[in-house]
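*Asks:* Chains as they are written, first to last, in UniProt numbering: chain A, 1 to 358; chain B, 1 to 294; chain C, 1 to 181; chain D, 1 to 320; chain E, 1 to 272. We put the beta carbon where it would ideally sit given N, CA and C, even for glycine. The following block contains the structure, expressed as structure tokens.
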Amino acid sequence: MPVIAISRPETVYGGVSGGNRKLKRANGGDEEDVDGVDELEYEDADSGSDAEMRDLDDDDGDANDNDKRSGFGSSTKGSSLVTPGELITEDTMWMRGHGTFSQDEKTFSSVAGTITRVNKLLSVTPLRGRYQPVIGDHVIGRITEVGNKRWKVDIGGNQDAALLLGSVNLPGGVLRRKSESDELQMRQFLKEGDLLNAEVQALFSDGGASLHTRSLRYGKLRNGMLVQVPSSLIIRLRTQLYRLPGGVDMILGINGYIWLSKSSKVAADVSITRLEETSGLEIYSDTNEEINTSTRENIARYANCIRALAFKEVGVNETRLIAAYEASLAYASAGDLIEDEVKAILAAEALAADRSDE
Amino acid sequence: MKYSPAELSYLKESLKASPPIRPDARLETQLRPIEAISNILPTANGSARIRASDGGECIVGVKAKVVPTSSTSELINVDVEISGLKENNSLASTLSSIFQSTLNSSQSLRQRLKLTSRFSFKLFIDVLVLSNQSHPLGLVSLTIYLALLSTKLPLLTSSTDDSKAEEVPVFHDDWDQARPLCDIPVTQSDSSKKSDSHWTPPLILLMAVVGENIFIDPTNAEEQVASTGLFISWSNGSISAPLRTLDIGSTDPQGISSTVLSKAYSIVEQCGQEISDSLTAVYVQDEDASSSDF
Amino acid sequence: MNLDSTFLSVNISVSPFSTVDRKKRPRNDRRIQECAMSIQRTFQEAIMGHLHSRTEIVISLHVLAQDGGFFAACINATSLALIDAGVPMYDYVSACSTALYDSISPLLDPNNAEESDLPFLTVATIGKTEKVSMLLLESKVPLDRLESLIAVTISGCHSLRDQMDRQVRKHGHLRITKRSE
Amino acid sequence: MPKRKDISLNERQFILSLLKDSQRLDGRAIDQFRKVDLKFGDSLGHAEVQLGKTRLVVRVSAEVSKPYEDRPYEGTFIITTDVSSMASPLFENNRSSDDEMLMTRLIEKAIRRSNALDLESLCIVAGKSCWMIRADVHYLSYDGGLVDASCIGVIAALMHFRRPDTSIDGDQTIIHSVEERVPVPLSILHVPICVTFSFFKVDEVPSSTENPVAAIPGSGQSANGVPTADDSAILVIDATAQEEALRHSELTITINKNRDICQIAKPGGYSVEALTILECANKAYKIATNITDLIYRRLKEDESKRNAGNLVPLTAENER
Amino acid sequence: MSVLQDRRRVLPPVDTIPLQFKEDEGSSGSKETTIARTRTIRPIFIKQSVVANASGSAYLEVEDIKLQCSVYGPKPIRGSFTQQADLLVEAKLPSLGQDASNDKSASIEKDITSFVQTSITPGIILTQYPKSCINIMITVISADLENRNFKSLLAAATNVASLALVDAGIALYDIVTSASVLLSRNENGESLYFDPETPRESEDIEGVLSFMTGQDESNIVGMWLDGENITSKNLTTLTESAKEAACQIRTLFNGVILQEFHDKEQEASNSK
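Set out below in structure tokens:
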């Protein structure tokens, strides 16, 4: 196995600003790569950049651009791509959602992304962007600040979410009133850096969110590690808790934070009546359980599989992840999974499995 | 970034185990994949850009200037800028000082920069760390290595002996006549054919120590649970100065044993050559690519 | 600070190796600071900041090589980066510069040598309008030549807007196909 | 141009609606420059400018210094702008805000970069010694238009200033005292004048008489700043402090009597039609002509006052 | 402000150059002493509690190296909560105004800071002081940076910081001591010197290592080796001999600390 895998870049710095020499250097002659990166990949990227160069050369200083606008009309179909300032529709029947703005009764896009329509609501989903909380989302967050009767939680959104002292389970039962002594020992429950899973309870008008952990499914996370992927790769499903082969549990936070941990003995869902018995101070414990080597290895392997899916921008779900995991078993050392070409293979396997599943 | 106690203890136990389990299942001696390219800056004598798989990115530009040899004791100037941090912050100045002293202590590099009895080239190595998740030392070292490999100096056309009459050096106009600063082996891993004058830039490898285990190219999480950071330099096929411990942001710094130290030594001995060969291959390829353009 | 809108902060760092002669610029160089501030004010107007109150967007620009059009390139790069980050904007902001040659003919997108000898002006527009969002002229130009200079520059901006749009689309399609494979 | 001052909502609406009807609080027309009051002090190179309630003093001084290495044949010239809380509590001492930085840059570009002062005439011995001219601007009171006023002050003070004469004797440079030889005026190549235009968005301005322009249909999004096709901004010349705090963007044009634009700066903000900018340039030219004439008139008055007591007038020395 | 310039003082002409004094000959130490002394350290003068208003302080002198270190803290920090104390080390070189290259002395200060910080942090029980910070200021009163061994200065700086920490009564796992060594290599073979005075020659290896000598395992807390072609055997020799030297220093320190403690107790009982 190589100590280090080095690939050469697919794209180059800004086509608009750079000198030609820079572009040629990076694009020319990619016949052989350093350590066997997928040939096809390269050629694709290459021809792309070549075309890019031609475009720039041809059009330099050419102010005539009417040919472009004609393409805009087609944007009403399917999952077509729109860019900021592009006219989406002149029809006034549509309600304007995220990613749009209106002017003279016309609707324009404000981001680069794809158009989505739900009934009469027209919105544009950006290709990239930070997580936008929705009520009911199961998310994973990290405490950034302990404040006055509330914690600030990083959930990968534009703003930190708030977790009120009143929205968590405290030792001694769920329905207990929060006392002043609770307020003083907030840092004993959750402190800066702690990870927890929670549900988005409410949204504020300024885009902020508030969370709650009033269920045994939620609370502090232990016995494992976190993997982060873009939130756009996670699909909202009925449940976000999965038990994976190999003794690993996964919580798929809608915000793209994924928690992999040792399978717990208790079933994921506990009836609400048993809540009080189980919510001692140990739910805020920082000590991990005994975790054996094979579980640790599996967790690392799953983490690499998730990273492989994210690398190819493949949405993460249970079927795909298990398929990727099974495909990864062909590599005895999970360390091989960090190479780009292996990642691509795993992602392809995952997609194939998902398709045949349907 | 701050981690939770549970995460840190999970990580520490995994890394202390025998064999250790890294969070990305890498071997102790395995580096993360990188994306590298040399000669990206038209205004520099040599340059390189490396992107790490965790999003870290570093750009290095090398520029040479003719100076009277007597005017300066240091012929190599290294300047590190880290995006998002203030100018002259301690991380950037630590890095500058590490690379500056390492490169300046190399006699053969100084020899190569000498032009005439009165004049030499002075190298300005400017490092720009665009983003870094983990400690940038390793990334910067790889990029400087590649940038120095790609560095070319114009060919001197005036006489090399100016001890009698002072004469400002004159150079050849044709860039194709420029000579490379470093020796590039014709075939890779052909390190046996080394002569005394052979010189390649030093490579500094950063490692994290956790318990009795050593991890090359540590991730941010690994750095936090490490006892200490350790870096060892690989130069011209052997271990060279500096060997140093380094604070890499451990939450619980501890001492290390001499067994661990010798283990680190053998790890660098094992993979130093392979890493420098891989980077040389990148340069050779970039060179071929650019020459086929013309 | 205005809490009703996103706060943009712009940092420009110019690498010492970006010019032919190595030159280390202090980060508080006033020309660079002025440039950063103009970019901040230009984009504050172009992004829909009211959607993200109490937030900050940090824009870091690193200039690696310079050969004219410094300011314009910074603006165009910022535009593309904001779109890539999914920040809602009314339209692309595109910028371009034009030099005046021989006191008569406008010269679009001058390079370094041309910029140092000729007067030139930089204009930024939001979308394809005749409206000027940012305008900077730092050298002497006869009043009667101003109109043609601005006109040429605006058309340059419009052309750049289309070129940028093409790249964004190309990149977007690539990502969509990647995702729906 | 200090950091935004808080203005009550009522005040804001009142000022904006007045502007919409082309009226201003101080009774000026929206494109009227305030009366410039220019005085010279007893010493040479001391000018005082008053623009409405804005007041400043400029003091020019000269000393012998060493030229920059890369420009051995030129003297040096620096302008310092010292905005302190004396002018207005909005300014903090020793801390320059972004706006102050822009202002300093503008004055510098208008006068120094436009070569209003002939630097080569300041050279004494090439590469060895030269005159360093220094213009210190002190602000006494602030009510908008700092750039415009400073520019008038600096250029007038430079024209008023006389530096000691020098002569070279072998490798010695002799600086003659005022008593010994008549001091020499600086060589001013042209007179740049700054005019600042302020723009206000139409759609944010409630009209006092009619209902608001082009009602935007109640969409979820506020229509703030949407560049609509037919609105044009309200253009105001020489804004007061209040107007400066409310404006949506500004444009500073520096122009001289020879119809040379020395500098234009519109650092972002609300967009303006290109044609409006041309219109502004033409207006700026007219204003600049008037102000230039005023400066010359005042200089002449000052000179005749100074010469009144003198037996020998200095005209022969000055006319060149 | 357009230029940063001191306007309160009358400045000298722009092209002024500072005064330069003639080299004082024969002041630099002769090399013979180094050769004579191999596996012993130079005599050290130590004094604790030298700065009255610091929490703890120490003074250390080895020939031309004169160092003073003061410790302030633990004191509370403002802002967000921290689980353990922040340690802040700062080193200051003598600024005699004669050093034209300010950059260089800044980089030396950084080197001292970074080495001392790495070395002494593992010795301090930081978790005992949450939401607080400990400041360690090392002042180099005198040191010849040009002709003397820099590693020996680093070792001395670490040692003086350790002593100051003890004086401040801060909870420690162990006292960190540091020693410099030089392995000279030439055709006659290898020879080893403790606490070298002069910098290494091109073939030599020099280094400084910090230890927590009270612990059997994992006791290397800081290391900096310089030299070319370092073999695995060289490494072992250097670490082992540095440890021996560090132990010597530790023994010395123990005596001083105990003596100081006794003196204080004596004083306290006398005053009663």
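1) For F231(B), count neighbouring C-beta atoms within 10 Å of its own C-beta (all shown protein chains included) and say buried if the count is 16 or more, exposed if not.
2) Out of Q48(E), T40(E), K22(E), point me to the one whose CA is closest to Q259(E)'s CA.
3) For the alpha helix (DSSP H) containing H262(E), name the first residue and the last one.
4) Of all Cβ atoms in chain A, is any one closer than 7 Å to the Cβ of V132(C)?
5) Could you tell me whether the stretch 138-145 of chain B touches the stretch 36-56 of chain B, where touching means 3 or more Cβ pairs closer than 8 Å?
6) 7 Å is my cut-off, CB to CB: does P16(C) come that close to chain H?
7) Would the stretch 110-124 of chain D and the stretch 69-84 of chain D be scored as touching if the rule is three or more Cβ pairs under 8 Å?
8) Using only alpha-carbon positions, find the residue among I295(D), L16(D), Q13(D), D6(D) that is nearest to M159(D).
9) Note the first and the last residue of the continuous beta strand (DSSP E) segment covering R150(A).
10) Contact between the stretch 133-150 of chain E and the stretch 270-284 of chain B: three or more CB pairs below 8 Å?
11) How many angstroms separate the CA atom of R105(D) from the CA atom of L128(B)?
12) With the cut-off set at 7 Å, would you say D160(A) and L170(A) are in Cβ contact?
13) T319(A) to D354(A), Cα distance in whole Å?
14) Tell me whether Q163(C) sits in a helix, a strand or coil according to DSSP, three-state version.
15) Can you name the start and end residues of the beta strand (DSSP E) that Y242(A) belongs to?
16) Terminal residues of the continuous beta strand (DSSP E) containing K92(E)?
17) Find out if the Cβ-Cβ distance for the pair L182(E), P196(E) is shorter than 7 Å.
18) On the criterion of 16 or more Cβ atoms from any shown chain inside 10 Å, does N304(A) qualify as buried, or is it exposed?
19) So for C35(C), helix, strand or coil by DSSP?
20) Name the chain B residues that come within less than 9 Å of residue 361(A), Cβ to Cβ?
21) Could you work out which residues of chain A lie near V168(C), taking near to mean beta carbons separated by less than 7 Å?
22) Quick check: the Cα distance between G41(D) and E48(D), rounded to an integer number of angstroms?
23) By Cβ distance below 7 Å, which residues in the same chain neighbour I108(E) in space, the five residues on each side in sequence not counted?
24) Can you give me the Cβ contacts of S227(B) inside the same chain, cut-off strictly under 6 Å, excluding the 5 residues immediately before and after it?
25) Which residues in chain B sit within 8 Å of residue 273(E), going by Cβ to Cβ distance?
26) So, with DSSP's three-state summary, where would you put G88(C)?
27) Using only CA atoms, which one of Q215(E), Y193(E), K233(E), G214(E) lies nearest to T40(E)?
28) Going by DSSP in three states, P142(C) sits in which element: helix, strand or coil?
29) Use the C-beta contact count for A242(E): other C-beta atoms within 10 angstroms, 16 or more gives buried, fewer gives exposed.
30) Helix, strand or coil for P267(D)? Go by DSSP, reduced to three states.
31) Measuring alpha carbon to alpha carbon, tell me which of L225(E), N147(E), A161(E) ends up nearest T245(B).
32) Decide if F101(A) is buried, meaning its Cβ has at least 16 other Cβ atoms within 10 Å, or exposed.
33) From what residue to what residue does the alpha helix (DSSP H) around N11(C) run?
34) How many Å lie between L87(A) and E130(C) at the Cα?
35) Anything in chain E within Cβ reach of Y265(B), meaning under 7 Å, just list it in chain order.
36) Report the residue from P26(C), T6(C), L64(C), V141(C) whose alpha carbon sits nearest the alpha carbon of Q40(C).
*Replies:* Walking through what the data contain:
1) As a first step, residue 231(B) is located in the second sequence; it is residue number 231 there, counting from the start. Buried, since its Cβ has 16 or more Cβ neighbours within 10 Å.
2) Along the fifth sequence, read from residue 1 onward, the residue named residue 259(E) stands at position 259. Taking only the C-alpha atoms, the option nearest Q259(E) is Q48(E).
3) Position 262 of the fifth sequence, counting from 1, holds the residue named residue 262(E). 232-271 is the extent of the alpha helix (DSSP H) around H262(E).
4) The sequence position of residue 132(C) within the third sequence is 132, counting from 1. Judged by the 7 Å Cβ criterion, V132(C) is not in contact with chain A.
5) The answer is yes - the stretch 36-56 of chain B touches the stretch 138-145 of chain B, with three or more Cβ pairs under 8 Å.
6) Here chain H cannot be found, since the structure's protein chains are A, B, C, D and E.
7) yes
8) Position 159 of the fourth sequence holds residue 159(D). Of I295(D), L16(D), Q13(D), D6(D), the residue nearest in Cα terms is I295(D).
9) As a first step, residue 150(A) is located in the first sequence; it is residue number 150 there, counting from the start. Unbroken beta strand (DSSP E) run through R150(A): 150-154.
10) no
11) On the fourth sequence, position 105 is the one that residue 105(D) refers to. On the second sequence, position 128 is the one that residue 128(B) refers to. Approximately 28 Å, taken between the alpha carbons.
12) Walking along the first sequence from the start, residue 160(A) turns up at place 160. Walking along the first sequence from the start, residue 170(A) turns up at place 170. No, the pair does not count as a contact, with Cβ atoms beyond the cut-off.
13) Locating residue 319(A) in the first sequence gives position 319, where the first residue counts as 1. Locating residue 354(A) in the first sequence gives position 354, where the first residue counts as 1. Taking the straight line joining both Cα atoms gives about 6 Å.
14) As a working note, residue 163(C) is residue 163 in the third sequence. If DSSP states are grouped into helix, strand and coil, Q163(C) belongs with the helices.
15) As a first step, residue 242(A) must be located in the first sequence, where it is residue number 242. 241-244 is the span of the beta strand (DSSP E), which, as asked, contains Y242(A).
16) Stepping through the fifth sequence from its first residue, residue 92(E) is reached at position 92. Element bounds for K92(E): 86-92.
17) Stepping through the fifth sequence from its first residue, residue 182(E) is reached at position 182. Stepping through the fifth sequence from its first residue, residue 196(E) is reached at position 196. Contact: yes.
18) Stepping through the first sequence from its first residue, residue 304(A) is reached at position 304. N304(A) comes out buried.
19) One-based indexing of the third sequence puts residue 35(C) at position 35. If DSSP states are grouped into helix, strand and coil, C35(C) belongs with the helices.
20) Given a span of 1 to 358 for chain A in the structure shown, any question on residue 361(A) remains unanswerable.
21) In the third sequence, counting from the first residue as 1, residue 168(C) sits at position 168. Correct list: T83, A112.
22) Walking along the fourth sequence from the start, residue 41(D) turns up at place 41. Walking along the fourth sequence from the start, residue 48(D) turns up at place 48. One C-alpha to the other measures close to 7 Å.
23) Your numbering for residue 108(E) matches position 108 in the fifth sequence. Answer for I108(E): L93, L145, listed in chain order.
24) Here residue 227(B) is taken as the residue at index 227 of the second sequence, counted from 1. Leaving aside the five residues that flank S227(B) on each side, the residues in its chain whose CB is nearer than 6 Å to its CB run, in chain order, V209, Q254, I256.
25) Outside the modelled stretch of chain E, which goes from 1 to 272, sits residue 273(E), for which no answer is possible.
26) Stepping through the third sequence from its first residue, residue 88(C) is reached at position 88. The sequence given here places Pro at residue 88(C); Gly does not occur at that position. Three-state result, P88(C): coil.
27) Here the question's residue 40(E) lines up with position 40 in the fifth sequence. Checking every option, the nearest Cα to that of T40(E) belongs to Y193(E).
28) Within the third sequence, the letter at position 142 stands for residue 142(C). It is a strand residue.
29) Against the fifth sequence, residue 242(E) aligns to sequence position 242. Flag for A242(E) reads buried.
30) For the purposes of this step, residue 267(D) is taken as residue 267 along the fourth sequence, with counting starting at 1. Coil at P267(D), not helix or strand.
31) Position 245 of the second sequence, counting from 1, holds the residue named residue 245(B). The candidate whose alpha carbon is nearest that of T245(B) is L225(E).
32) Within the first sequence, numbered from 1, the residue matching residue 101(A) stands at position 101. Around the Cβ of F101(A), a 10 Å sphere holds 16 or more other Cβ atoms; the residue is buried.
33) Here residue 11(C) refers to the residue found at position 11 when the third sequence is read from its first residue. Run containing N11(C): none in the alpha helix (DSSP H); it sits in the beta strand (DSSP E), 7-14.
34) Here residue 87(A) refers to the residue found at position 87 of the first sequence. Here residue 130(C) refers to the residue found at position 130 of the third sequence. Straight-line Cα distance between these residues: approximately 18 Å.
35) What you label residue 265(B) is simply residue 265 of the second sequence in a count that begins at 1. Within chain E, the residues near Y265(B) are S232, L235.
36) Walking along the third sequence from the start, residue 40(C) turns up at place 40. Considering only alpha carbons, the answer is T6(C).
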